[in-house]
Amino acid sequence: ALPLADLEKAVSGFDQVECPMTHHFSPGIYVRERFAKADTLIIGKRHRHDTMSILLQGTLSVYLDEGGAVKLLKAPCIWTTKARAKRMTYSHTDTILATIHPTEETDLEKLEEDLVIPEKEYLEQGGLK
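Heads up: the sequence shown is residues 62 to 190, going by this note's numbering.
Here's what the structure looks like:
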């Protein structure tokens, strides 16, 4: 299997698409809801903490660099991605995916900083541990 870093380089020249996001806040919880059209490939960012995901609509293939297996998921479906793992998704149909994060923060820029590990920082820390 091709490591996600290599795949990410290979597709970096492809046209980029915007996936509409809806942000939900409740005391101690941030939920990011993402819509992706059918035939959309997304390589996500690494998170500092385990992340719960809920596939609300559609059919999705998920590849995690922590285990190397591709899983076909159909809504409704819930799973957890381990901290520091990179995830790739392919939407076979239009999909709605929600990720759930424990935080009191509501500023989107600050959330990105708090939740996401920049790839350079990840590599400097020695990758998956």
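We put the beta carbon where it would ideally sit given N, CA and C, even for glycine.
CB-CB length for residue i against residue j, believed under 8 angstroms
i	j	result
V177	K106	5 angstroms
R148	L172	Not really, about 18 angstroms apart at Cβ, beyond 8 angstroms.
A144	H110	5 angstroms
Simplified DSSP state of residue i, which is helix, strand or coil
i	result
E94	strand
A62	Its pLDDT being 48, under 50, A62 is placed unreliably in this model, and the value from its coordinates should be taken loosely. Coil, per DSSP.
K135	strand
V123	strand
V78	coil
E144	The question names Glu, but residue 144 in the sequence shown is Ala. Here A144 sits in coil by DSSP.
A130	coil
A159	strand
Candidates the options: closest to residue i by CA position
i	options	result
Q118	I104, S152 and T142	S152
T154	L134, I139 and T141	L134
D100	T112, M113 and C80	C80
V78	G89, R95 and E166	R95
G187	I90, A146 and F75	A146
I115	V92, H108 and D168	V92
H85	K181, D168, P179 and A97	D168
M82	H108, V72 and I157	I157
Other residues of its chain near residue i: CB distance less than 6 angstroms, five sequence neighbours each side excluded
i	result
E150	Before going further, note that residue 150 is Thr rather than Glu in the sequence given. For T150, where only same-chain residues beyond five positions count, the Cβ hits under 6 angstroms are I103, L121 and V123.
M113	T141 and I161
V131	S122 and Y124
A97	C80, S152 and T156
I139	I115
Cut-off 7 angstroms between Cβ atoms - residues of its own chain near residue i, not counting five sequence neighbours on either side
i	result
D175	T164 and E166
Own chain partners of residue i with C-beta closer than 8 angstroms, once the 5 adjacent residues on each side are dropped
i	result
G89	P163, T164 and E165
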